[in-house]
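S.K.: A single structure is presented below for examination.
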Amino acid sequence: MAILCDNALVVTAEEEKPLLEGQQLVIDRGVIAALGKRIHLEHFSIDRRIDCTGRIVLPGLVNAHSHLTEILQRSMRDNVRMETWRGYRARTEEMAHLTAEEIGAAAELACGEMLKHGVTAVVDHFSTRPGLSVAKMKAILGAFAKTGIRGALAASLRDQDFIQLISSRSGAKSSDARIEEPWREEFLEVLEYVKNSSGTSRLMIAPSSPQNCSDGLLREVSRLAAQHDLGIHTHLLETRLQFWAARKLYRGSLVGHLRRLGFLSDRLSAAHGVWLREEELDLMATSGASIVHNPASNLKLGSGVAPVIKMRKHGVNVALGTDGGDTSDTYSIFDQMRLAAFLSRLTSERSEEWVTAQEALRMGTANGANAIPAWRGKIGKIKKGRRADLIILKSQLPLFPLNNIIHQLVFCEGGGSVDTVLVDGEVVVEEGRLTKVDEDTLVERVKPISKRMKQFYNQLQRRSDPAERTVRRLYQKAFRDRSRS
Ligand SMILES: [Zn+2]
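Residue numbering for the sequence shown follows my numbering, starting at 530 and increasing by one per position.
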């Protein structure tokens, strides 16, 4: 079965020929089989033709760092820093005791929202309390398959709490910092399940953040990743407090410490990197590791502005992510592309260094694919031989008058113009509606779960929270230490 996209205006976002007009594009068995002005259609058995006249075709957007189930806590909080936000999020989740079915429904809703906004591939950095379970991980994989998105489940691991570790230096018990959460058997069982499945879903191994993992756990992650050829994902130096704590815990450079552990390689994609120093960027670049920039989340939580221009100078591959539904608070990569371009203008006086719209579009497509080993060279571009993950936009008001397509895709578009979406050659959104799941039924399934979460959050807010006071006290120390940062 082959699909012909006819008379398409194709956006490649490449340096040379960023736009191709009047193209025919044939998708055969999930692959872009031919692309050109006039191709030999007789070589294919075309059974579907999509008229792309007046439409724009571009590679599917890649969300390289996300937390799907956080959609249940969407926009619950304002003006709190990441560590405080994280405490509330986790405790609300603990009180809710989400079942695998509920986790699956929430993940489906987030995947559905992403597909409708042009995201065709997502990394879900998945954590659940009180630890990973096979049923819950399979629920996320089920959400990928049911909606049709290309998903990588990055199972989150941790065995210590850095806030407790830092606090223990001023008198608290260091044993409180240790966390026993089961993961190994569960992870390996799901890995076997994914290996035996024929779909597009993949598994990654994903420390929550290095400072929340012992050196032993980080070594084990690297060993398993090499043994099973897996991508590694983690949060990295997202906040000032993490930066300050890392200098104390690792006597200097956290990234230098990770290199000594053998943790850095081209398997690694690290979210945020807001507080990475020049020498650490150099280590990331030489190892081939990628950074996933999450501009909306960094802004909302007051974490800072990631040094994207410096990352580029050092040669680091920079992808984009939305982070969770309560930190950014949408799952739109169009939003992240715009913010990435705009924020870069605060970090350099030289306008020629700013992130351009074309560069932002590559960050949201090809760079996202490059960040994830399972996707590298397979998606992210509209090119013969790549898997057919692409989106078709119709001309809506943000794209009118159409003076400069790439500028308008990044500076004007939010995802509302997305009409048709294909993942691995399958049409998963048509006329702006999901084709594989019923949206209204899905919303009804999620309503009672999110209502319950809101009630638990309201209960939490009424209690005084010693952890919040600890975070506030540590931030005061970190800010006082600013001169030495
Ligand atoms: Zn995150």
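We treat Cβ as the ideally placed atom computed from N, Cα and C, and that holds for glycine.
1. Any chance the segment 568-579 sits against the segment 632-644, with 3 or more Cβ pairs inside 8 Å?
2. Going by other Cβ atoms of all chains shown within 10 Å of its Cβ, with 16 needed for buried, is alanine 563 buried or exposed?
3. What's the call for valine 972, buried or exposed, on a 16-neighbour Cβ count within 10 Å?
4. Between alanine 701 and the rest of its own chain, which residues show a CB-CB distance below 6 Å, the 5 nearest in sequence each way excluded?
5. By the three-class DSSP mapping on this structure, what secondary structure does methionine 733 have?
6. Ignoring anything shorter than 3 residues, give me the beta strand (DSSP E) runs that lie fully in the segment 729-780, in order along the chain.
7. Using the Cα positions of leucine 793 and glycine 745, report the straight-line distance between them to the nearest angstrom.
8. Report all residues from its chain with a CB closer than 7 Å to the CB of arginine 1013; omit the five preceding and five following residues, and keep chain order.
9. What span of residues does the beta strand (DSSP E) with phenylalanine 655 cover, start to end?
10. By Cβ distance below 7 Å, which residues in the same chain neighbour methionine 643 in space, the five residues on each side in sequence not counted?
11. Going by DSSP in three states, threonine 894 sits in which element: helix, strand or coil?
12. Here's the rule I'm using: 16 or more other beta-carbon atoms within 10 Å means buried, otherwise exposed. How should aspartate 967 be labelled?
13. What's the C-alpha gap between aspartate 690 and methionine 866?
14. Give me the residue from Leu538, Leu686, Arg707 with the minimum Cα distance to glutamine 693.
15. Would you mind sorting methionine 530 into buried or exposed? The rule is 16 or more other CB atoms within 10 Å of its CB.
16. Compare the C-beta of methionine 982 with all C-beta atoms of chain C and state if any pair is closer than 8 Å.
17. The alpha helix (DSSP H) spanning threonine 970 covers which residue range?
18. Quick one: what does DSSP say asparagine 725 is sitting in, helix, strand or coil?
19. Rounded to the nearest angstrom, what separates serine 727 and aspartate 1010 at their Cα positions?
20. Please list, in chain order, all residues of the same chain as leucine 797 whose beta carbon is under 6 Å from its beta carbon, the five residues on each side excluded.
21. In this structure, how does DSSP classify valine 884 when only helix, strand and coil are distinguished?
22. Around the Cβ of asparagine 827, are there at least 16 other Cβ atoms within 10 angstroms (buried) or fewer (exposed)?
23. Along the chain, where does the alpha helix (DSSP H) that runs through proline 995 open and close?
24. Taking valine 803 as the reference, give the member of Leu790, Ser832, Tyr779, Gly785 with the closest Cα.
25. Starting from the Cα of glutamine 984, find the closest Cα among Asn823, Met605, Trp614 and give me that residue.
26. Going by DSSP in three states, asparagine 933 sits in which element: helix, strand or coil?
27. Return the chain-ordered ranges of every alpha helix (DSSP H) run that is complete within the segment 782-862 and spans a minimum of 4 residues.
28. DSSP puts alanine 531 in a beta bridge; with which residues?
29. Mind checking whether lysine 675 and lysine 976 have CB atoms under 8 Å apart?
30. Restricting to runs no shorter than 3 residues, where is the beta strand (DSSP E) found entirely within the segment 669-715?
31. Comparing the CB of histidine 822 with every heavy atom of ligand 1, is any distance shorter than 7 Å?
32. With hydrogens ignored, establish whether the beta-carbon of histidine 762 is closer than 7 Å to any heavy atom of ligand 1.
33. Scan the segment 582-658 and note each continuous alpha helix (DSSP H) run of 4 residues or more that stays entirely inside, going in chain order.
34. Does at least one heavy atom of ligand 1 sit under 7 Å from the Cβ of glycine 616?
35. Measuring only the C-alpha atoms, how far is histidine 786 from tyrosine 779?
36. In chain order, what residues of the same chain lie with their CB nearer than 8 Å to the CB of arginine 788, ignoring the 5 residues before and after it?
M.R.: Quick answer:
1. In short, these stretches do not touch, since the Cβ pair count stays below three.
2. Buried, since its Cβ has 16 or more Cβ neighbours within 10 Å.
3. Counting other Cβ atoms within 10 Å of its Cβ, valine 972 stays below 16 and is therefore classed as exposed.
4. Because alanine 701 carries a pLDDT of 49, less than 50, the predicted location of this residue cannot be relied on, and no value is offered for it.
5. Methionine 733: strand per DSSP, three-state reduction.
6. 731-736, 761-765, all fully within the segment 729-780.
7. Across the structure, leucine 793 and glycine 745 are spaced so that their CA atoms are roughly 15 Å apart.
8. Caution applies to arginine 1013, whose pLDDT of 47 falls short of 50 and renders its modelled position unreliable; the value that the coordinates give is listed next. There are no such residues.
9. Where phenylalanine 655 is concerned, the enclosing beta strand (DSSP E) stretches over 648-655.
10. Sequence-distant Cβ neighbours of methionine 643 in its own chain, meaning closer than 7 Å and more than five residues away, are Asn592, Val651, Ile678, Tyr860.
11. Residue state, collapsed to three classes: coil.
12. The residue in question, aspartate 967, is exposed, as its Cβ has fewer than 16 Cβ neighbours within 10 Å.
13. Rounded to whole angstroms, the gap between the alpha carbons of aspartate 690 and methionine 866 is 33 Å.
14. Relative to glutamine 693, the option among Leu538, Leu686, Arg707 whose CA is nearest is Arg707.
15. The residue in question, methionine 530, is exposed, as its Cβ has fewer than 16 Cβ neighbours within 10 Å.
16. Here there is only one protein chain, and chain C is not present.
17. Residues 968-991.
18. Three-state DSSP puts asparagine 725 in coil, outside helix and strand.
19. Taking the Cα positions, serine 727 is about 52 Å away from aspartate 1010.
20. Closer than 6 Å at the Cβ level, and outside the excluded window around leucine 797, lie Ile761, Ala818.
21. In the structure shown, valine 884 sits in coil (DSSP, three-state: anything other than H, G, I, E or B).
22. Per the 10 Å Cβ criterion, buried.
23. Boundaries of the alpha helix (DSSP H) harbouring proline 995: 995-1009, taken from the DSSP string.
24. The candidate whose alpha carbon is nearest that of valine 803 is Ser832.
25. Minimum Cα distance to glutamine 984 is reached at Met605.
26. Coil, per DSSP.
27. For the segment 782-862, the continuous alpha helix (DSSP H) assignments of 4+ residues that do not extend past its boundaries occur at 783-790, 807-816, 824-829, 837-843, in sequence order.
28. The partner list for alanine 531 (beta bridge, DSSP) reads Asp557, Ile575.
29. Their beta carbons are not under 8 Å apart, which means lysine 675 does not touch lysine 976 by this criterion.
30. Taken in chain order, the complete beta strand (DSSP E) segments of 3 or more residues contained in the segment 669-715 are 679-686.
31. Flag unset: Cβ of histidine 822 not near ligand 1.
32. Residue side-chain check: histidine 762 keeps its Cβ at 7 Å or more from all non-hydrogen atoms of ligand 1.
33. 611-625, 629-645, all fully within the segment 582-658.
34. No, since every heavy atom of ligand 1 falls outside the 7 Å radius drawn around the Cβ of glycine 616.
35. Each residue's Cα considered, the two are about 7 Å apart.
36. Answer for arginine 788: Leu812, Ser816, listed in chain order.
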